[in-house]
Structure formats: C-alpha cells, structure tokens
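Chains as they are written, first to last, in our numbering: chain A, 1438 to 1784; chain B, 1438 to 1784.
The structure is reproduced here in structure tokens:
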C-alpha cells in the first residue's frame, strides 16, 4: 500500500523508483524506507532507563535478525541532570556501557546502525558527552528539542555532524505548536546538517488529516535538500501505526517503532505490526515475536504502557501524558471516570 | 477532520452542508453521520451471546445517554441452529427477551433505534422469526451475508423492508473477495431496498489504501440511490478506528463501534475513541466510560478480545480469526512464536 510508489511527493532525484501500477501498490515496497527501533530509548521514559544488559542485548540481537535499520539504544543525556543512582545506563549511553552489550558493533557487518538521542535544553552535556563518531559504537545522534529550543538543537546537530555522526532533528510535541512556529523551525532545520527531520507526535493527538498537513509541510520544507522526513508516533488513540502508514504514503522514509509498542504512556507504533505490513523481504517478523514473548511481554508485570483509556483522554485533549501516567501508576488505574472528571476540570 | 465536509464524494442532493474551510475541517462535524453500537451483537461472538440482562441494559442506557444513534442488541438467528441450551437470548432476540431490558422502547423519545442482525445462509429463520416492525421494539434489521449469499440477502432485505424495518446489507469478509464479485454484489445491493450498504472488514486485514479503494467503490455503487455507506472494522492491526476515520473522510455516514472495542477476536472500533473524535456535541463520552469501567472491563476476566499478536497475525495473513481465538483460549495464549510457526505452516 503505502510503502511503494504511492508516495504523493515525487521521489527526490536520487530515488529511481520504478513506476508501479497504482492498482495495488501495497504489495510492493520502497527500498529507501528505513525502520528505527526506539524500544530502549522511548521505553526508558517509563523505567528511568533501567533496562538490564540482557534486555538491551535481546533488543539489539532482534534488530539485527529482523533487518531493522537503526536501533536507538538510549539517551545521550547528562548524568548531572539524570543521576546514576536513579537513572540506568541507557539514559547516558556511556561507551563502556554500550560496548558491554554490543561489543565493537560493526554497522556494515550487521546492517544495523546504532543511534542515541540527545535532548536540547540543558538535559544533555553534548559539548563534552559526545565523543567523535570514529571512537564510538554510535552512528547516529538524534537531537530532540521543543520548538523554542531550535537554535540550540541546530548547534547540537552541527557539532555532532562535525564529529562524524549522522544526525536527525526531532521537534517534539508538535501538536501544540502554532503553524507559523513550525514553519520557522523547519526553515532553520532545512538549512542544518541534519539528514532527517522527524514529525514527532509526542502527545499521540494527531488524526489522519493533521498528519497529512504536517507531513506535507515537512516534505515541502526539506525539498531539494536531500533530507528525509521521519515519523515518530504515540499510540494514545490507537493511531500510531495508522499515522505511520499515512506518513509513509506521503513520502516519509524514516519511521520509528518499538517492540510491543513499548514506550512512554500509550507507547509507540508496534514494530510487530509495522514489519508485518512492510513488504521489503529483508524484514523478518519471527525474531521480533521471539523478543516480545521472552523479553518485552514479561515487563508488563512491572510497567504499564499501551493505549488504555487515560491515555486516550490525554491524547484527545492534546495533553502531555504525565497525568495519565501518574493515574496508571496510582491506586485506581482503571477508575476512568474519576480521571475523566479530573481531566475535564483541568482544561 | 473527517466528519465534516472533508468528504471527497460530493454530498448527495439531500445534504445541504455548509461549506467549511478546508483548513481544519476536523474541528467541525457532519450531522448525517450516525453511530451504531454493536457491543452486544459482535461481542456475542465471543460468549455465545450469553450476556446478562443487566449487561445489556447497561449498554442500552449508555447508548441513550451518549447520543449513539443505533444499538444492535443481538442476532435474529434461528434457535434450531443456535440452541438455547448453548446460546443466550441475544442470539435470537425474541421480543419478550428484548422487552425485559428495553421495555416498550420508543426510538423517538430516546433518540436511539434498535437493530438486530440476521445472517443469510440458513442461520436465520427470517421468514418466520421476524415479526412486523410495528409489533417489535426493533427498528432495523441488518442483513449479513457472504458474497455468494447475496441473492438470499436481498430477499431478506425485501422481506424485512415490507415488514416495516429499516434495513442494511452487510457483505462480510470482503478482504477475501475478488473485485469483480464485489462489483456484482454491489450492483445487486444498490437495486435492493437496503438503506445502507456496509463495508465489513471481518478479518481486520485492510490497510488504508484498500479501505480507500473499497469505500470509493461502495460510494460509487450507491450513488444516486439515496443509500448510505457504512463501515464495520475489526481491530487486528490496530486499524479499526483509523479505517473508520478513513471511511468517514470518504463519505461513509454509518459507522460501527463497540464499548472498549468488545467484539470477536481483536474486537471492533472502540466507541470511546470514536466519540472522543466526533465533534457533534450530541455525543457524550462520560456515560461510555462509566459503562466500560463498570460493565465491560470486568468481562476481561472471562473473555479475551483485543489486538494481541495472534490477531495481528491472522489479520496480516488475511485469515479468519478462528485459529487465533482458539489459541487465545488455549493453554499458551502468549506463545506467539508457536502460533506464528503454526500459521506460517498452514498458509
């Protein structure tokens, strides 16, 4: 369906897609489409990045076996802001911690590139924390910012690019940003060294036509720059997968997903559903199911994620999921009515 | 987004929609859009329609309080095929059983029309079972058939229409039917007395572009007849809500949903997500959450439904969910790998 040639914006010059009939494009695929697993990074927002080495290794091995293109192994954020007595190693991604799991990781040999996310706004001590790419197992730094932090984000991108990394610009919480501000940020981002600009629906609020509006806007902003557009969805309204498909149809070539949708709040686009949909034969579903069954599902005993009703409500109301997360961790996680009443009283 | 005027096919003559700016149609609504709750009917496929009177009454009261337009209270199928020692009253919808719950139900006063579904293929003794509408609490008979049963379905529709019912044609399992057969069935259906023809994705297999293809086809088939197009989605790929939105955008004016998505296998489009999205102020979310919390959620102790991985897999493979239902009821419901291997060996 989407994957293939159906993309509305004509392929950028470097893409030589054979024109497939419009009759059933969904049975073919677009080779440029790359999948990023952010299970450990986004999932780290529900457990302070306290995954065991075994859990991270299981996800790593799975990404390689499944043909996933990128794995985001955590945050490259500052231990001073995220102290090690509370936050696990995947909040800081020190080289020695990563190497304990991935060894000397070879992206050529494995077909997998490793990424970490660095937050703007003082959360990352990026000037000191990020070492030259040639000395790191990391291939990619994804820079996350709120729209007002775009200037620092671009500094970070230039810095990391100079260090030899592939970089991305992830402007968060886009559903609460005015169009004029998005336009301005994209104008700046389009001139940056970032290889990809990602549409980030942090609140899981966006419906189909809004996704269309944004993806078209992002595609237009990067037109002619050689940059890709990405999609990072949250599943508050059970739309993470659907919105990811929609972005793909419109030409997005970088999409994020997580195993069993593990991620903050309602979670993300489920990898197992995404890979079952993509028709590139390099993607393999079985290893993904193996990891879900043996590594991810058991975490449901400890952590809550997924599109339960409190997350539906914050998504519908275009709110940060923090109130729903607190509710789900409280004594009455299934008292939807009280959460509804509280939420309505607040808005 | 969808609801409003965004519908691609121009409104039929009887619709006088004010033309809203295309800039943010998602904040308005289309008054013609009607919502049908099929919690008890589709949910009856996982418990042999053995709901208690209290459960059915809770759903009925909720539909009225929430502004839902139709409630499908069960099947009008034959007790000889579905014996009363196994199947509950909501498989047959005898007048006395329904009246125990809904009294003399007045659709004018409540704003709610009651529907029952009758299956073609000998499952319903429709010639004898269905009494004149003026003597029934039912307002609507929805006729379900497989494509090869279209002739009997049309007979049923004519019969029920003559008895005074509003009728619909629900051709099931459309994802395994050849286009030429769908076209033929729609040509017949368009000439029938059915007020609505429903796109039914029984296997939860259809992706966005396939939904587009089908909804456009159905819209074209009924063009000029005054009939509506409906959407009945299953949630195998977490697309039930997204596909329902898509159908609405394309002009479908009848959509099915269930409380907490209760329904066969992966379940249906969740009413709580749908109503949170529709902008018609007549729809109220709070009573829906009340019923979910107090009536539907407790059923999770007894029954399994929702888009778990076995249902993802049958959806992806375009299979009837029966193997996944059996797996989820078995000893190892979360052994996804074995289910995957079994499923792949079978196809």
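Backbone N, C-alpha and C fix where the C-beta goes; we use that ideal spot for every residue, glycine too.
Being a predicted model, the structure only gives us computed values, none of them experimental.
query: Hey, how far is the Cα of residue 1555 of chain B from the Cα of residue 1725 of chain A?; result: 41 Å
query: Which residue marks the beginning of the beta strand (DSSP E) containing residue 1509 of chain A, and which one marks its end?; result: 1507-1512
query: In terms of DSSP beta bridges, what is residue 1553 of chain A paired with?; result: A:1578
query: Nearest CA to the CA of residue 1544 of chain A: which residue from A:1532, A:1519, A:1715 and A:1507?; result: A:1507
query: Within the continuous beta strand (DSSP E) that includes residue 1669 of chain A, where are the two ends?; result: 1665-1669
query: If you count every other CB in all the chains shown that lies within 10 Å of the CB of residue 1782 of chain A, and 16 or more means buried, which is it?; result: exposed
query: How would you write the range of the beta strand (DSSP E) that residue 1694 of chain A sits in, first residue to last?; result: 1691-1694
query: Tell me, please, whether the CB atom of residue 1415 of chain A is closer than 7 Å to any CB atom in chain B?; result: Outside the shown range of chain A, which is 1438 to 1784, sits residue 1415 of chain A, and nothing can be said about it.
query: Looking at the secondary structure, which residues open and close the alpha helix (DSSP H) in which residue 1710 of chain B lies?; result: 1708-1714
query: At which residue ranges does the region 1564-1618 of chain A contain complete beta strand (DSSP E) runs of 3 or more residues, listed in the order of the chain?; result: 1577-1582 and 1603-1608
query: To the nearest angstrom, how far is the alpha carbon of residue 1660 of chain B from that of residue 1512 of chain A?; result: 54 Å
query: Residue 1717 of chain A CB to nearest chain B CB: under 7 Å?; result: no
query: Here's the rule I'm using: 16 or more other beta-carbon atoms within 10 Å means buried, otherwise exposed. How should residue 1464 of chain B be labelled?; result: exposed
query: Once DSSP output is grouped into helix, strand and coil, what is the label at residue 1562 of chain A?; result: coil
query: Would you say residue 1458 of chain A faces chain B, with C-beta separation under 7 Å as the test?; result: Per-residue confidence for residue 1458 of chain A stands at a pLDDT of 39, beneath the threshold of 50, marking its modelled position as unreliable; the derived number appears in the next sentence. Judged by the 7 Å Cβ criterion, residue 1458 of chain A is not in contact with chain B.
query: What first and last residue would you give for the alpha helix (DSSP H) that runs through residue 1515 of chain B?; result: No alpha helix (DSSP H) contains residue 1515 of chain B, which DSSP labels as neither H nor E.
query: Pull up the distance between the alpha-carbon of residue 1458 of chain B and that of residue 1646 of chain A, whole angstroms please.; result: Since pLDDT at residue 1458 of chain B reaches only 39, below the 50 mark, its modelled position is unreliable, and the value read off the structure follows with that caveat. Looking at the two C-alpha atoms, the distance is approximately 14 Å.
query: Pull up the DSSP beta-bridge partners for residue 1470 of chain B, would you.; result: Note: residue 1470 of chain B sits in no beta bridge, so no partner.
query: So, does the CB of residue 1679 of chain B fall closer than 7 Å to a CB anywhere in chain A?; result: yes
query: For the beta strand (DSSP E) that residue 1633 of chain B lies in, which residues bound it at each end?; result: 1633-1637
query: Would DSSP call residue 1774 of chain A helix, strand or coil?; result: helix
query: For residue 1630 of chain B, which residues in the same chain have their Cβ closer than 7 Å to its Cβ, ignoring the five residues on either side in sequence?; result: 1594, 1595, 1598 and 1604
query: With 7 Å as the threshold, decide whether the Cβ of residue 1727 of chain B is near any Cβ in chain A.; result: yes
query: Report yes or no: is there a C-beta of chain A within less than 7 Å of the C-beta of residue 1484 of chain B?; result: no
query: Alpha carbon to alpha carbon, how far is residue 1664 of chain A from residue 1577 of chain A?; result: 15 Å
query: Could you check whether residue 1590 of chain B and residue 1785 of chain B sit closer than 7 Å to each other, using their CB atoms as the reference points?; result: With chain B covering 1438 to 1784 only, the question about residue 1785 of chain B has no answer from this structure.
query: Under a Cβ-count criterion, where at least 16 other Cβ atoms within 10 Å of its own Cβ denotes burial, should residue 1451 of chain A be classed as buried or exposed?; result: With a pLDDT of only 34 at residue 1451 of chain A, under 50, the local geometry of the prediction cannot be trusted, and the value read off the model is given with reservation. Classification for residue 1451 of chain A: exposed.
query: What did DSSP end up calling residue 1731 of chain B once you bin it into helix, strand or coil?; result: helix
query: Quick one: which chain D residues come within Cβ less than 9 Å of residue 1713 of chain B?; result: The chain inventory of the structure shown lacks chain D, comprising the protein chains A and B.
query: Locate the alpha helix (DSSP H) running through residue 1799 of chain A, then write down its first and last residues.; result: Only positions 1438 to 1784 of chain A appear in this structure, which leaves residue 1799 of chain A out of reach.
query: Name the two residues that bound the continuous alpha helix (DSSP H) containing residue 1648 of chain A.; result: 1645-1659
query: Do residue 1696 of chain A and residue 1476 of chain A have their beta-carbon atoms positioned less than 7 Å apart in this structure?; result: yes
query: Taking the DSSP output, what are the residues bridged to residue 1705 of chain A?; result: A:1671
query: Find the nearest neighbour of residue 1652 of chain A within the set A:1472, A:1764, A:1633 and A:1687, judged by alpha-carbon distance.; result: A:1687
query: In this structure, does DSSP put residue 1768 of chain A in helix, strand or coil?; result: coil
query: Where does residue 1724 of chain A fall in DSSP's three states?; result: helix
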